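Notes follow the structure.
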Amino acid sequence: ATDLSPAGIVPRLKPGRSAGTLPLPGPPPDTLRFADARGHLQAPSNGHVTRTYSAAHQGYTVVTGSEAQITAPYTARIEFAGKFKNYGKVVIMNMGDGYFMLMTGLGEVLTQTGSYVTTGEPVGLMPFNAQNRSELYIEIRRDGSPVNPRPWLGTAFAKHG
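What follows is the structure in structure tokens.
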């Protein structure tokens, strides 16, 4: 049987250790700048975009399966991981050069503030939903202002949606 508990999903979590005692890995190696990574990001989950960026909606809404694993689409530093106001559980990733990615609607966070994640590393799980339908909201900001995520994620969801 597959272990779907956080300890079974996050490979660096050893038996007998809680997520709160994990050592923080060092900064990522030099990589492609986020601004130059347009079209090269992997989708943070399987799913399909149901709402795109507009003046009224500053990100993507992606329908995923219930309890779907959410991964880092790019190497980043976790600026915040946890519950935030009425957004539920949130992960905010610092991509460098003033770019940040916010992912909200998570049911569980599998990372911690101050840690570094690499592309494809699990950062969260979507909440359980009896209809097998959860909504992940993704927003990219540069210097505090929203940026259309399509150049970075549009092709990723087309390939994996």
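Here the sequence shown stands for residues 1354 to 1514, where the numbers follow my numbering. For glycine and all other residues, C-beta sits at the position ideal for the given N, C-alpha and C. The model shown is predicted, which means the values in this text are computed figures rather than measured ones.
Roughly how many whole angstroms lie between the Cα atoms of S1398 and G1441?
-> Taking the straight line joining both Cα atoms gives about 18 Å.
Please classify S1487: is it buried, with 16 or more other beta-carbons within 10 angstroms of its beta-carbon, or exposed? buried
Practice item. Answer with buried or exposed for A1408, where buried requires no fewer than 16 other C-beta atoms within 10 angstroms of its C-beta. Key: By the C-beta density criterion, A1408 is exposed, having fewer than 16 other C-beta atoms within 10 angstroms.
Pairwise C-alpha distance: A1429 and G1451: 12 Å
- Item | Where the beta strand (DSSP E) containing E1492 begins and where it ends | 1487-1495
- Taking only runs of the alpha helix (DSSP H) that begin and end inside the region 1401-1474, which ones reach a length of at least 4 residues, in chain order? Here no run is fully enclosed.
Where the beta strand (DSSP E) through S1498 begins and ends: That run of the beta strand (DSSP E) goes 1498-1500.
* **Under the three-state DSSP convention, the category L1506 falls into** => Judged by DSSP in its simplified three-state form, L1506 adopts helix.
Review point. Closest to H1401 by CA distance: which of T1471, T1417, E1432 is it?
Key: T1417
Nearest to V1462 by alpha carbon, out of Y1469, S1498, N1485, G1435? G1435
From the DSSP output, read off the bridge partner residues of L1385.
Answer by DSSP bridge pairing: none, since L1385 is not bridged.
- Put G1477 into one of helix, strand or coil per three-state DSSP. strand
*Just the Cα atoms here: how many angstroms apart are I1431 and P1475?*
12 Å
Look at the alpha carbon of N1349 and the alpha carbon of T1405, and state the distance between them as a whole number of angstroms. The structure shown does not extend to residue 1349, since the chain is modelled only from 1354 through 1514, so no value can be given for it.
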